[in-house]
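K.L.:
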Amino acid sequence: MELTEFVIKSLVILVIFGLTLLIAMYSTYGERKVAGFIQDRLGPNRAGPFGILQPLADAGKMFFKEDFIPAQANKWLFIAGPCLAMLTALMTSAVIPFGDSIRYDGLEVAVQAVEANIGILYVFGIVSLGVYGVMVGGWASNNKFSLLGAIRAASQNISYEISMGLSIVAILMMTGSLSIREIIEQQHGGNWNIWYQPLGFIIFITCAFAECNRTPFDLPECETELVGGYHTEYSSMKLGFYLFAEYINMFISSAVISALYFGGYNYPGMDWVYAQLTSAFGDVAGHNVATLIGTAAFFAKALFFVFFYMWVRWTLPRFRYDQLMNLGWKNLIPLAILNIVITGTGVLFLKPIITALLN
Amino acid sequence: MNTTYLPSDFLPIVVQFGLAAGFIVLTMIVTHRIGPSRKSKMKDDPFECGIEVKGDARTPISVKYFLVAILFVLFDVEVIFMYPWAVNFQNLGMLGFIEMLVFMALLLSGFYYIIRKGVLEWEQ
Chain A
900 MELTEFVIKS LVILVIFGLT LLIAMYSTYG ERKVAGFIQD RLGPNRAGPF GILQPLADAG
960 KMFFKEDFIP AQANKWLFIA GPCLAMLTAL MTSAVIPFGD SIRYDGLEVA VQAVEANIGI
1020 LYVFGIVSLG VYGVMVGGWA SNNKFSLLGA IRAASQNISY EISMGLSIVA ILMMTGSLSI
1080 REIIEQQHGG NWNIWYQPLG FIIFITCAFA ECNRTPFDLP ECETELVGGY HTEYSSMKLG
1140 FYLFAEYINM FISSAVISAL YFGGYNYPGM DWVYAQLTSA FGDVAGHNVA TLIGTAAFFA
1200 KALFFVFFYM WVRWTLPRFR YDQLMNLGWK NLIPLAILNI VITGTGVLFL KPIITALLN
Chain B
142 MNTTYLPSDF LPIVVQFGLA AGFIVLTMIV THRIGPSRKS KMKDDPFECG IEVKGDARTP
202 ISVKYFLVAI LFVLFDVEVI FMYPWAVNFQ NLGMLGFIEM LVFMALLLSG FYYIIRKGVL
262 EWEQ
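So the sequences go chain by chain: A and B.
The first sequence runs contiguously to residue 1258 in this note's numbering.
The second sequence runs contiguously to residue 265 in this note's numbering.
Dropping the structure here:
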């Protein structure tokens, strides 16, 4: 890899890192505003115009709180828990292609940290490591509520990971590649996977909710039973890391959903826009502007799903634990396998017939 | 698409890791330094809604959780077997599909067995 390319990649990583943190920060604001809207009240509106400075105030408060470690806790593991949760949340975005490519000085650099051909497997690997953050933190607290919350979180996450993996297998059968960029490029021209995989999409989004510990699957931190769940003993920025990691995971999973099912940086009429831009600004600048618009489209899709998370939170009540496990094991896994069989039959039998009819 | 990879192509992951780890360590040190620190015996106890703490938190818990974890290992390995098959699905064609149907039938019969055994019954 050449130095220029490496510098551009590093800048892309830096920008995406900053944007992820910013979006996670403002998701807390957005969540409270959406909650306010749905419950017919105002939400935060004191700090700055429309309460826009509220996340900064919250972060400042978190920093100045006492960094409390209980006497019976396992000190280093207690610190390691939230750090691990945050680290895994921040590492996931490395393989997600946020845009097409940037042309600079004869180079063409993809708007993506690493263009790996195992993209989706990498996302899975890192997401599964996220369980450790919760489990380590809950166990190290040496508190009964924390431990129960952590064990619930672990068994919930691993249960839903199976159906999540199975729902992606159907996508892989259609695209024949594990690279997220390849999957996005095959959806070019309104050919989005959601039209072929509605069932897979529903399974995937349900599992994404469970993996992020979001309502209706937020049993690990269910306050009526477990006080605060795995982060009962946490305070200051350690608690902040857990909450922050949850919001980052929400954003990243929304980005993965829009990449896998909603065409990523593709948007209707993008070829026309591309032709207009390159004829107006030339090959290099026009290409870069088109990439920028595609990235904006990608973020718009991802942010819509972040909004969807909040919408569901204030619409559906929490599951009971046995209902959660029954849904995960007895319903989603057979459904996901059925989806694979349907997809296989469709690709093998329906696709040749339809292509023969069209030609 | 790029098909050959050099180790240097994965260098950005190291950059991202460094950035994330740096951010985390810095935040942890700062928040530890600037916050107040007041200790007392009652405050340092684990929080149990104000009731005096009885024993250790690390008591034996329901075996169901461990069963779920073991089943997860089994099923996740089976899911991982499907990934290479799914990537090559269109090349393998009909024969590959039938083979995978057999594999899935075996998987589902194991699944049916654990459900009939009541491993996933949480009410009891």
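From the three backbone atoms N, C-alpha and C, an ideal C-beta is built for every residue, glycine too.
Being a predicted model, the structure only gives us computed values, none of them experimental.
(1) Considering only residues of the same chain and omitting the five flanking positions on each side of proline 969 of chain A, which have a CB-CB separation below 6 Å?
(2) Hey, quick one: how far does the alpha helix (DSSP H) through arginine 1212 of chain A stretch, first residue to last?
(3) Is the stretch 993-1008 of chain A close to the stretch 1060-1070 of chain A, with three or more CB pairs under 8 Å?
(4) Determine the closest residue to alanine 1235 of chain A out of A/Asp1117, A/Asn1112 and A/Ile1104, with distance taken between C-alpha atoms.
(5) To test your reading of the DSSP string, which unbroken alpha helix (DSSP H) runs of 4 or more residues are found completely within the stretch 158-199 of chain B?
(6) What are the uninterrupted segments assigned as alpha helix (DSSP H) that are 4 or more residues long and contained completely in the stretch 1059-1090 of chain A, given in chain order?
(7) Does DSSP put arginine 1217 of chain A in a helix, a strand or coil?
(8) Between phenylalanine 997 of chain A and chain B, is the shortest Cβ-Cβ distance under 8 Å, so that the two count as touching?
(9) Report yes if the C-beta distance between valine 156 of chain B and isoleucine 1025 of chain A is below 8 Å; otherwise report no.
(10) First and last residue of the alpha helix (DSSP H) that includes leucine 1020 of chain A?
(11) When burial is assigned at 16 or more other CB atoms within 10 Å of the CB, is phenylalanine 949 of chain A buried or exposed?
(12) Shortest alpha-carbon distance to phenylalanine 1207 of chain A belongs to which of A/Arg940, A/Gly929 and A/Gly1048?
(13) Return the Cβ separation of isoleucine 922 of chain A and phenylalanine 997 of chain A in integer angstroms, given the expectation that the two are a contact with Cβ distance under 8 Å.
(14) Give the DSSP-derived three-state secondary structure of glutamate 1007 of chain A in the structure shown.
(15) Taking Cβ-Cβ distances shorter than 9 Å, what residues in chain A pair up with proline 153 of chain B?
(16) Would you decide whether glutamate 901 of chain A is buried or exposed? Buried here means 16 or more other CB atoms lie within 10 Å of its CB.
(17) Rounded C-beta distance between isoleucine 1083 of chain A and glycine 1163 of chain A? I'm assuming under 8 Å.
(18) If you draw a straight line from the alpha carbon of alanine 1195 of chain A to that of methionine 245 of chain B, how long is it in whole angstroms?
(19) Buried or exposed, going by whether 16 or more other CB atoms sit within 10 Å of the CB of glutamate 240 of chain B?
(20) Buried or exposed, going by whether 16 or more other CB atoms sit within 10 Å of the CB of glycine 1139 of chain A?
(21) Since glutamine 971 of chain A is in the alpha helix (DSSP H), which residue starts that stretch and which ends it?
(22) Within 8 Å (strictly less), CB to CB, does proline 201 of chain B reach chain A?
(23) Where does arginine 257 of chain B sit, in a helix, a strand or coil, going by DSSP?
(24) For arginine 179 of chain B, which residues in chain A fall below 8 Å Cβ to Cβ?
(25) What does isoleucine 1057 of chain A reach in chain B if we use C-beta pairs closer than 8 Å?
(26) For the candidate residues B/Lys184, B/Ile211 and B/Tyr206, whose alpha-carbon lies nearest to that of aspartate 966 of chain A?
(27) Looking at isoleucine 1147 of chain A and threonine 919 of chain A, is the spacing between their C-beta atoms short of 8 Å?
(28) Is DSSP giving arginine 1002 of chain A helix, strand or coil here?
(29) Closest to leucine 1108 of chain A by C-alpha separation, out of A/Tyr1160, A/Lys1229, A/Leu1223 and A/Gly1037, would be which residue?
P.N.:
So, from the data block:
(1) Glu1132
(2) 1182-1212
(3) no
(4) A/Ile1104
(5) 182-185
(6) Within the stretch 1059-1090 of chain A, the complete alpha helix (DSSP H) segments of 4 residues or longer fall at 1079-1084, listed in chain order.
(7) In the three-state scheme derived from DSSP, where H, G and I count as helix and E and B as strand, arginine 1217 of chain A is classed as coil.
(8) no
(9) no
(10) 1018-1039
(11) exposed
(12) A/Gly929
(13) At roughly 12 Å, the Cβ-Cβ gap does not stay under 8 Å, so isoleucine 922 of chain A and phenylalanine 997 of chain A are not in contact.
(14) strand
(15) Met900, Phe905, Lys908, Ser909, Val911, Ile912, Ala993, Gln1011, Ala1012 and Val1013
(16) When all chains shown are included, glutamate 901 of chain A counts as exposed.
(17) Indeed, because the Cβ distance is near 4 Å, the residues count as touching under 8 Å.
(18) 41 Å
(19) exposed
(20) buried
(21) Element bounds for glutamine 971 of chain A: n/a, residue is neither H nor E.
(22) For proline 201 of chain B, the nearest beta carbon of chain A is not closer than 8 Å to its own beta carbon.
(23) helix
(24) Glu965
(25) Val209, Ala210, Phe213 and Asp217
(26) Comparing Cα-Cα distances from aspartate 966 of chain A to each of B/Lys184, B/Ile211 and B/Tyr206, the minimum goes to B/Lys184.
(27) With contacts defined by Cβ atoms closer than 8 Å, threonine 919 of chain A and isoleucine 1147 of chain A form a contacting pair.
(28) strand
(29) What sits at residue 1108 of chain A in the sequence shown is phenylalanine, not leucine. Minimum Cα distance to phenylalanine 1108 of chain A is reached at A/Leu1223.
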